[in-house]
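Residue numbers (the UniProt record's numbering), protein chains in the order written: chain A, 1 to 135; chain B, 1 to 135. Here a beta-carbon is modelled for each residue, glycine too, at the ideal position from N, C-alpha and C. These numbers come from a predicted model, not from an experiment.
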DNA sequence: CTTGCCCCTGACGTCAACGTCAGGTTTTAA
DNA sequence: TTAAAACCTGACGTTGACGTCAGGGGCAAG
């Protein structure tokens with residue numbers, strides 16, 4: 001399939017697909033005249049790329065990890081890299097969950113202003129100068 | 001306290017604090033000579049702002065929501081806004097969890113390439129799956 | 001007084017993931 | 001055959017949350 005159809009199928013722009021290729025995330029065969037031609041599986045790959053982007057990975061990181069995902073082989077370094085990204089995502093999930101709970105508390109307190117609910121931002125930070133770290 | 005100390009305490013840059021003020025997220029008293037002066041509570045507020053940023057909220061959204069957090073009152077619109085952000089964060093958490101599970105599967109499969117683990121990116125796509133014969 | 005550190009206000013620079021436009025070629029529909 | 005649609009390669013524009021630099025002021029210590 002050509003780039004327009006892939007864009008339509010995967011829900012990203014043509015420009016984005018060309019950008020992915022530029023970043024080494026997506027390969028394409030070229031026709032005689034230079035037009036890109038993709039196999040069916042490209043749609044899944046684009047979905048995967050989008051998923052990883054939305055998880056906060058950069059193009060460079062994705063480019064480093066995709067080959068080992070493709071081949072399903074990993075060096076110790078790539079395994080460490082994968083595990084590190086997994087842990088980063090875990091931490092991000094935890095932080096988001098705390099934020100969501102805080103938002104819920106705010107919603108509850110603003111719904112009924114008379115209550116003595118805990119204030120948002122007052123989690124349990126006994127010491128000072130602590131970054132957003134593991135609870 | 002002055003801006004340098006607040007920056008050191010909250011772990012963000014002086015530039016960021018001035019930016020927050022510019023965006024209407026953080027108020028400061030001014031000394032005679034124009035220097036910013038913050039109360040102790042400002043550190044907590046900066047933490048909150050950082051938390052909301054890291055949850056993917058924009059300056060504008062934060063600026064719209066902070067007053068109702070402060071006053072703990074909400075109009076129907078702001079409640080809806082808060083709930084919408086909460087739901088967005090929930091969805092983001094779910095997507096991240098799926099990505100993390102995918103990453104775990106990749107890690108497992110690359111750790112032991114001989115196993116027949118599911119491939120990443122194949123979540124629930126019941127459409128046709130024409131695999132080239134990968135043993 | 002002057003040295004050094006902190007502070008001020010602009011204002012331009014950065015970076016990533018694209019959007020968009022220009023100018024030209026290829027493919028497809030009429 | 002021809003016109004529209006799709007594609008190509010540059011290359012510049014956009015956005016958000018700052019970084020960084022320039023140029024100048026304020027204040028306690030030596």
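Which of helix, strand or coil DSSP assigns to residue i
i, result
"residue 2 of chain A", "coil"
"residue 7 of chain A", "helix"
Start-to-end residues for the alpha helix (DSSP H) that takes in residue i
i, result
"residue 46 of chain B", "42-54"
"residue 60 of chain A", "59-71"
"residue 32 of chain B", "Taken as a continuous stretch (DSSP letters only), residue 32 of chain B belongs to no alpha helix (DSSP H), as it is neither H nor E."
"residue 76 of chain B", "76-111"
"residue 12 of chain A", "Looking at the DSSP string, residue 12 of chain A is not in any alpha helix (DSSP H), and its letter there is neither H nor E."
7 angstroms CB neighbourhood of residue i in its chain, flanking five on each side removed
i, result
"residue 35 of chain A", "2"
"residue 4 of chain A", "14"
"residue 68 of chain B", "74 and 78"
"residue 32 of chain A", "none"
"residue 57 of chain A", "85"
"residue 47 of chain A", "10"
Rounded Cβ spacing between residue i and residue j (contact assumed at less than 8 angstroms)
i, j, result
"residue 104 of chain B", "residue 86 of chain A", "6 angstroms"
"residue 6 of chain A", "residue 59 of chain A", "In fact, because the Cβ distance is near 18 angstroms, the residues do not count as touching under 8 angstroms."
"residue 82 of chain A", "residue 107 of chain B", "5 angstroms"
"residue 43 of chain A", "residue 13 of chain A", "The Cβ separation is near 14 angstroms, so there is no contact."
"residue 80 of chain B", "residue 23 of chain B", "About 22 angstroms separates the two Cβ atoms, so there is no contact after all."
"residue 50 of chain A", "residue 96 of chain B", "Their Cβ separation, rounded to whole angstroms, is 13 angstroms, which puts residue 50 of chain A and residue 96 of chain B out of contact at 8 angstroms."
Same chain, Cβ closer than 6 angstroms to residue i, five either side skipped, listed in chain order
i, result
"residue 89 of chain A", "55"
"residue 52 of chain B", "62"
"residue 16 of chain A", "none"
Neighbourhood of residue i by C-beta, 8 angstroms cutoff - its chain only, sequence neighbours within 5 removed
i, result
"residue 21 of chain B", "27, 28 and 36"
"residue 30 of chain B", "36 and 37"
**Item:** Three CB pairs or more closer than 8 angstroms across the segment 21-37 of chain B and the segment 66-81 of chain A
**Value:** no
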